[in-house]
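Novice: Residue numbering for the sequence shown follows UniProt numbering, starting at 1 and increasing by one per position. Idealized CB from N, CA, C, for every residue including glycine.
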Amino acid sequence: MKGKKIFVYILAVCVFAQIWFAYITFKYPYLGIVVKTGENSTWVVDGFDKASKANELNIQIGDIVYKINGKDPDQHSSVLKWRYIEQAYTIEIERNGEHILVSTNKSPQANYMDILPITAEFICFSLAALLFLKQGHSKSARYLGLVFLDGALAFMSHGASIRGDVLGKLVIASTVALVPTVFLHFLIVFFREKGNVELSSRFLIFLYGIPLIGALVRAGSFYVNEIAYTVYQVSSNVDIFYFIVVFIFVLYILTTFTIKHWKEKTFASKLIKIVWFSLLISFFPITFFSFVPILLTGQSWMPSQYTSWFILFFPVSFAYLIMTKQMYDIDTVMRRMMLTTIISVIPGALVVGLVALSFPVESSIERLLLLYIFIVSIMSAVLYGLEYFTTKLEPAVFPRKHHLNLALKKISKTLGSISSFRDLKDIVLVDLVGILQVYGGVIAFKYKDNIELISAGEIDLEEVEKLIASEKLDHPGFTCFEINRHEEYTSFLIMTKKKTSTMLGMEEIQWLNLIISYLAVSLENLHLIRKLTVRMQELAANMPSEQSSNEIVWFRKLMFELQEKERTRIANDLHDTTMQDLFFLKRRIASVMSRYALSKEDTEQMNGLIEYVEIINTNLRQSCFELHPHLLQEVGLIRTIHKVVDQEALLCSFELEFDADGAEEIELRDMETKRHVFRMVQELINNAKKHSQASNVSIRLTKVEGGFCLMYEDDGVGFDTERVVRRDIGGSGIGMEQLRSRVLYLNGLFELDTGVGRGVKYTITLPMKGIDGGLTA
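1. If you check the beta carbons only, do tyrosine 188 and serine 201 fall under 8 Å apart?
2. Cβ of proline 285 within 8 Å of Cβ of phenylalanine 310?
3. Assign alanine 12 to buried or exposed, taking buried as 16 or more other Cβ atoms, counted over all protein chains shown, within 10 Å of its Cβ.
4. How far does the beta strand (DSSP E) with cysteine 624 in it extend, from its first residue to its last?
5. Suppose you measure from the CA of arginine 400 to the CA of cysteine 480; what does that come to, to the nearest Å?
6. In whole angstroms, what separates the C-alpha of isoleucine 418 from that of glutamate 564?
7. Using only CA atoms, which one of His99, Gln693, Phe155, Ala128 lies nearest to alanine 17?
8. Tell me whether residue 795 is buried or exposed, calling it buried when 16 or more other Cβ atoms sit within 10 Å of its Cβ.
9. Quick one: Cα of isoleucine 227 to Cα of aspartate 72, how far?
10. Between which two residues does the alpha helix (DSSP H) carrying valine 176 extend?
11. Quick check on tryptophan 43: does DSSP put it in helix, strand or coil?
12. For tyrosine 169, which residues from the same chain have a beta carbon less than 6 Å from its beta carbon, with the 5 sequence-adjacent residues on both sides left out?
13. Starting from leucine 651 and walking both ways along the alpha helix (DSSP H), at which residues does that stretch end?
14. Identify whether asparagine 484 lies in helix, strand or coil by the three-state DSSP scheme.
15. Assign asparagine 747 to one of two classes, buried (16 or more other C-beta atoms within 10 Å of its C-beta) or exposed (fewer than that).
16. What ranges does the alpha helix (DSSP H) occupy inside the region 274-303, keeping only unbroken runs of at least 4 residues that lie completely in it?
17. Compute the distance between the beta-carbons of glycine 759 and alanine 688, then report whether it is under 8 Å.
18. According to DSSP, which residues form a beta bridge with proline 347?
19. Is DSSP giving arginine 679 helix, strand or coil here?
20. Rounded to whole angstroms, what's the CA-CA distance from lysine 194 to serine 377? Just pull it up for me.
21. Output the residue ranges of the alpha helix (DSSP H) runs that lie fully inside the region 449-527 and measure 4 residues or longer, sorted by chain position.
22. Using CA atoms only, rank isn't needed, just tell me which of Ile272, Ser304, Ser103, Val8 is closest to asparagine 196.
23. In the DSSP assignment, the beta strand (DSSP E) including valine 442 goes from what residue to what residue?
24. Serine 103 by DSSP, collapsed to three states: which one?
25. Do glycine 38 and isoleucine 64 have their beta-carbon atoms positioned less than 8 Å apart in this structure?
26. Tell me threonine 702's beta-bridge partners as DSSP assigns them.
27. Give the single residue among Ile468, Glu487, Glu488, Ile494 whose Cα lies nearest to the Cα of isoleucine 459.
28. What number of angstroms, rounded off, separates the C-alpha of tyrosine 9 from the C-alpha of glutamine 305?
29. Going by DSSP in three states, lysine 761 sits in which element: helix, strand or coil?
30. Please go through the same chain and pick out, in chain order, the residues whose beta-carbon is closer than 8 Å to the beta-carbon of leucine 368, but skip the five residues on each side of it.
31. Compute the Euclidean distance between the alpha carbons of valine 316 and threonine 500, then round it to the nearest angstrom.
32. Among the residues of its own chain, which have a CB less than 6 Å from the CB of leucine 371, if the five just before and after it don't count?
33. List the whole-angstrom C-beta distance separating glutamate 657 from isoleucine 685, where the pair is believed to meet the contact cut-off of C-beta under 8 Å.
34. How many Å lie between arginine 192 and leucine 131 at the Cα?
35. Nearest to phenylalanine 21 by alpha carbon, out of Glu737, Ile172, Phe148?
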C-alpha cells in the first residue's frame with residue numbers, strides 16, 4: 001500500500017513537471033542570445049548559441065539591449081540569472097545610436113532542438129514503464145527502469161532549461177549529475193542477480209549524496225538574482241566534473257573486475273565484456289566530445305543535445321535483452337550488433353561523402369560527423385531487425401516461400417513417424433507432389449540386381465527406371481536428386497514438370513534440397529528396419545537348440561506381437577479405405593442404373609460390374625479375416641478353424657479335412673495361444689497349396705495327456721530333410737520356419753516325418769500349461 005502511494009506521488013509530480021515544461025517549451029521560442037555587462041551598466045549582445053535563430057531577428061553582436069518585453073533588462077530574470085535572453089516577446093536594441101524593436105513572434109516556438117529531446121523522453125518513459133510492468137519481479141530490471149526514468153526527466157526538462165526556466169535547470173542539472181551513479185547502481189544489482197558476483201555498494205551513499213547537496217544548493221540559489229549566475233557557472237562546471245569523475249570511477253571498478261575474472265569462462269566474464277562495449281559507446285561521446293572540451297576550453301566539440309542520445313545505447317540494449325529473455329544469449333546478440341555496425345560503416349561513409357559533395361557550404365565537419373554517426377546507428381538497427389521483420393512480413397511479401405517453409409516444418413515432423421515404405425509414399429511423396437504442383441514424383445532405390453520405385457501422381461515409371469539404371473540424372477522432363485548412396489543401394493528423388501509445364505524453380509529446388517537432407521536420414525532408418533526385420537526372423541527361426549531358444553522367449557514374443565500388430569493395422573486400413581470405396585462404388589453404379597433408362601444389354605453389363613465389385617469385396621473381406629481373425633474371440637478356435645477349412649476346401653486342388661474331436665478344452669487357453677495355433681493351421685494349409693502336390697490333406701487337433709496335439713498329414717511329394725537351404729524374406733520356407741518358432745515359443749514339441757515321394761507328416765504337441773515364466777515383451 002505504501003509503495004502504491006509513493007508511485008502515485010511520483011507520477012503526480014512527473015505529470016505536473018511535464019505540463020509545466022511543455023508550457024514553457026511551446027510558449028516561448030528559443031533565442032540563445034548571450035549578453036554581458038557593458039559600459040554604464042548596460043547589457044550588450046556578446047554572442048549566440050550555435051542553434052540560435054537570433055541572426056534571423058536582425059540582432060548582431062555588440063548591440064546594446066535597451067528593453068526586453070518593454071522593461072529594463074535588469075528586471076528580466078534570464079538576463080540576471082543566466083546572462084542570456086530568453087522568454088522574450090519583444091527586444092529593443094540600440095545600434096549606432098538607432099533604436100530597433102525586434103519581435104520574436106515570427107520565430108518558431110519549437111524546433112528540432114525540442115523535437116529530439118521529446119522523442120528521447122518518450123522512448124525513456126516507454127521503456128521504463130515496460131520494465132516495471134513486464135519485468136517488475138526482477139530487481140535489476142527495476143533499477144534499469146530507474147535509469148530510463150532519470151534520462152526521461154533530463155530530456156523532459158531540456159526545452160524549459162534552455163529557455164531559462166529555473167525548475168528546468170534544477171531538474172536537468174540534478175538528473176544529468178545522477179546518470180553515471182544510477183548506471184553504477186544498476187550494474188552492481190545486475191551483476192549480483194545475473195552473474196552471482198558481489199560488488200561493494202557502500203560508496204553509493206556518498207555518490208548519491210553529492211548530487212543531492214548540489215540540488216539543494218542550486219534550489220536555494222537560483223531564485224536569488226544576485227548569486228544565481230555565479231552559482232550557475234560554478235555548479236555547471238562542478239556537475240560536469242562530477243559526471244566525468246564518476247564515469248572514471250565506474251571504469252576503474254570495471255577494470256578491477258575484468259582483471260579478476262578475465263580468464264574465467266563464466267557468464268559473469270561474458271557480461272563484463274559486453275558492459276565494457278556498451279558503456280564506452282554510451283558515455284564516451286558525451287564525456288570526451290562535450291563535457292571535457294567544456295571544462296578545458298569553455299566550448300563543446302559536439303553539442304550535448306546530440307551526444308546525449310548515445311547514453312541511451314547502454315540501457316536500451318540491456319532492456320532489449322531482459323524483456324526478450326535473451327540475457328543468456330548476450331554474447332551472440334552483441335556479436336550480431338557488432339557485425340551489423342561493421343557492415344554499416346562503408347555505406348554510411350558513402351552517404352556522408354555524397355552529402356558533403358552535394359552541399360559543400362553547409363557541410364561542416366561537426367555536422368558531417370554527427371550525420372555519419374546517426375546513419376551508421378540507424379543502418380545497424382535496421383540490419384539487426386531485418387531478420388525479425390522479414391519473418392513477420394514473409395507471408396505477405398514472400399507467400400510462396402512462406403508456404404514452402406510451413407510445408408517443410410510439417411514434413412520434417414511427420415518424417416519421424418515413418419516406419420514403412422507405404423508411409424513414405426502416403427506421408428512424404430503425396431505431400432511433395434501436392435505442394436510443388438507437379439504431375440508426379442518417384443522415390444527410387446537402385447540395388448545391385450534390381451530397382452524399386454515408390455511413386456505418386458502421374459509419371460512414366462518405365463522412363464524413370466531407365467533413367468535410374470543409367471544414373472544419368474540430366475533429363476529434359478524430370479528434376480532428379482540423389483538422396484544417398486551406399487554399398488547396398490542408392491536412392492533418388494525424381495519430380496516431373498509442374499502442371500504449368502515448367503520445370504521447378506530455384507527456390508523450389510533449394511527447398512527440395514532441405515527436404516532431401518531430412519529424407520536421407522529417414523530412408524537410412526527404413527533400410528535398417530528392413531535389415532533388422534530379416535535378421536530377427538532368421539534368428540527366431542534358426543535357433544541352434546531348444547534350450548537357447550527358451551533363453552530368448554521374450555524376443556520371440558516381441559516379434560510375434562509386432563507381426564500381429566502390423567496384420568491388424570493392414571486389415572483395418574483395408575476395411576476403412578478400399579472396402580468402403582467399393583461399397584460406395586456399388587451404390588453409385590446402382591444410382592446410375594436407377595436414374596437412366598438402360599437397354600437390357602447395358603443393364604446386364606452393369607449388373608455384371610456390380611457382381612465383380614462384390615467379388616473383389618468378398619476377397620478383401622477374406623483377406624481381412626486372415627490378417628485379423630476376429631472370430632477367435634467370438635466363436636472360439638475350433639469353429640474358426642472349421643470355417644477356414646470349409647472356405648479353403650472349395651478352392652484348393654486337394655481334399656482337405658479337419659477333425660477336432662475331444663479337443664474342446666483348448667478353448668480354455670488364453671487368446672495368445674489360440675492365435676498361435678490358428679496361425680500354425682493357416683501356414684500348414686498355405687504350405688500344402690504351394691508345395692505339397694497332394695491329393696489328400698488332413699489336419700487333426702486332439703487332446704493328449706498334459707496337453708494337445710496338432711497333426712498334419714498329406715500324400716504329396718515330400719522333401720529331403722537333410723537339405724539345408726538358407727532363406728531370405730519372401731522365400732518359400734520362411735513360413736514353416738515361423739511355424740517351428742511358434743511351437744518353441746509355446747514350449748511345444750515339433751516332429752517331422754517326410755522324405756522324397758513319401759508325403760509330409762507334422763506332429764506338434766503343446767502343453768496345457770502357459771508359457772514358461774510368464775515372460776512379456
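Specialist: Answer, in terms of the structure:
1. Position 188 of the sequence shown, counted from the start, is the residue given in the question as residue 188. Position 201 of the sequence shown, counted from the start, is the residue given in the question as residue 201. The sequence given here has isoleucine at residue 188, not tyrosine. Yes, they are a contact pair.
2. As a working note, residue 285 is residue 285 in the sequence shown. As a working note, residue 310 is residue 310 in the sequence shown. In contact: proline 285 and phenylalanine 310 (Cβ atoms closer than 8 Å).
3. Within the sequence shown, numbered from 1, the residue matching residue 12 stands at position 12. Per the 10 Å Cβ criterion, exposed.
4. Counted from its first residue, the sequence shown places residue 624 at position 624. For cysteine 624, there is no enclosing beta strand (DSSP E); the enclosing alpha helix (DSSP H) has its first and last residue at 600-627.
5. By 1-based counting over the sequence shown, the position of residue 400 is 400. By 1-based counting over the sequence shown, the position of residue 480 is 480. Straight-line Cα distance between these residues: approximately 22 Å.
6. The residue you call residue 418 lines up with position 418 of the sequence shown. The residue you call residue 564 lines up with position 564 of the sequence shown. Each residue's Cα considered, the two are about 19 Å apart.
7. In the sequence shown, residue 17 corresponds to position 17, counting from 1. That would be Phe155, whose Cα lies nearest to the Cα of alanine 17.
8. This structure does not reach residue 795, given that the chain is present from 1 up to 777, and the question cannot be answered.
9. Here residue 227 corresponds to residue number 227 of the sequence shown, with the count starting at 1. Here residue 72 corresponds to residue number 72 of the sequence shown, with the count starting at 1. Rounded to the nearest angstrom, the two C-alpha atoms are 19 Å apart.
10. Within the sequence shown, the letter at position 176 stands for residue 176. Start and end: 166-194.
11. Position 43 of the sequence shown, counted from the first residue, corresponds to residue 43. Reduced to three states, the DSSP call for tryptophan 43 is strand.
12. As a first step, residue 169 is located in the sequence shown; it is residue number 169 there, counting from the start. Here the sequence assigns lysine to residue 169, which means tyrosine is not the residue at that position. Here the set comprises Ser161.
13. Counting from 1 along the sequence shown, the entry for residue 651 is found at position 651. 637-651 is the span of the alpha helix (DSSP H), which, as asked, contains leucine 651.
14. Taking the first residue of the sequence shown as 1, we reach residue 484 at position 484. DSSP places asparagine 484 in strand when its eight states are reduced to three.
15. Translated into positions along the sequence shown, residue 747 becomes position 747. The residue is buried, with at least 16 neighbouring Cβ atoms inside 10 Å.
16. Under the rule that a run must span 4 or more residues, the alpha helix (DSSP H) segments found entirely inside the region 274-303 read 292-297.
17. Here residue 759 refers to the residue found at position 759 of the sequence shown. Here residue 688 refers to the residue found at position 688 of the sequence shown. Taking 8 Å as the Cβ cut-off, glycine 759 and alanine 688 do not qualify as a contacting pair.
18. Position 347 of the sequence shown, counted from the first residue, corresponds to residue 347. In the DSSP secondary-structure assignment, proline 347 is not bridged to any residue.
19. In the sequence shown, the residue the question calls residue 679 occupies position 679. Three-state result, arginine 679: helix.
20. Start at 1 with the first residue of the sequence shown, and residue 194 comes out as number 194. Start at 1 with the first residue of the sequence shown, and residue 377 comes out as number 377. Lysine 194 and serine 377 have their C-alpha atoms some 28 Å from each other.
21. Those alpha helix (DSSP H) runs which fall completely within the region 449-527 and span 4+ residues are 461-470.
22. On the sequence shown, residue 196 is found 196 positions in, with the first residue counted as 1. Measuring C-alpha to C-alpha distances from asparagine 196 to each of Ile272, Ser304, Ser103, Val8 identifies Ile272 as the nearest.
23. Stepping through the sequence shown from its first residue, residue 442 is reached at position 442. It spans 440-447 - the beta strand (DSSP E) in which valine 442 sits, taken as one unbroken run.
24. Numbered from 1 along the sequence shown, position 103 holds the residue referred to as residue 103. Looking at serine 103 - three-state DSSP - the assignment turns out to be strand.
25. In the sequence shown, residue 64 corresponds to position 64, counting from 1. In the sequence shown, residue 38 corresponds to position 38, counting from 1. Yes, the Cβ-Cβ distance between isoleucine 64 and glycine 38 is below 8 Å.
26. As a position in the sequence shown, residue 702 is number 702, starting the count at 1. In DSSP, threonine 702 forms a bridge with Cys709.
27. Translated into positions along the sequence shown, residue 459 becomes position 459. The shortest C-alpha separation from isoleucine 459 is found at Ile494.
28. Here the question's residue 9 lines up with position 9 in the sequence shown. Here the question's residue 305 lines up with position 305 in the sequence shown. If you take the alpha carbons of tyrosine 9 and glutamine 305, they lie about 29 Å apart.
29. Numbered from its first residue, the sequence shown carries residue 761 at position 761. Correct three-state label for lysine 761: strand.
30. Indexing the sequence shown from 1 puts residue 368 at position 368. In the same chain as leucine 368, and ignoring 5 residues on each side of it, the C-beta atoms closer than 8 Å to its own belong to Val352, Val355, Ala356, in chain order.
31. Translated into positions along the sequence shown, residue 316 becomes position 316. Translated into positions along the sequence shown, residue 500 becomes position 500. The alpha-carbon separation between valine 316 and threonine 500 amounts to approximately 51 Å.
32. Counting from one through the sequence shown, the residue named residue 371 turns up at place 371. Excluding positions up to five away in sequence, the list reads Val352.
33. Start at 1 with the first residue of the sequence shown, and residue 657 comes out as number 657. Start at 1 with the first residue of the sequence shown, and residue 685 comes out as number 685. In this structure glutamate 657 is not in contact with isoleucine 685, their Cβ atoms being roughly 11 Å apart against a cut-off of 8 Å.
34. As a working mapping, residue 192 is identified with position 192 in the sequence shown. As a working mapping, residue 131 is identified with position 131 in the sequence shown. Approximately 18 Å between the Cα atoms of the pair.
35. Here residue 21 refers to the residue found at position 21 when the sequence shown is read from its first residue. Out of Glu737, Ile172, Phe148, Ile172 has the C-alpha closest to the C-alpha of phenylalanine 21.
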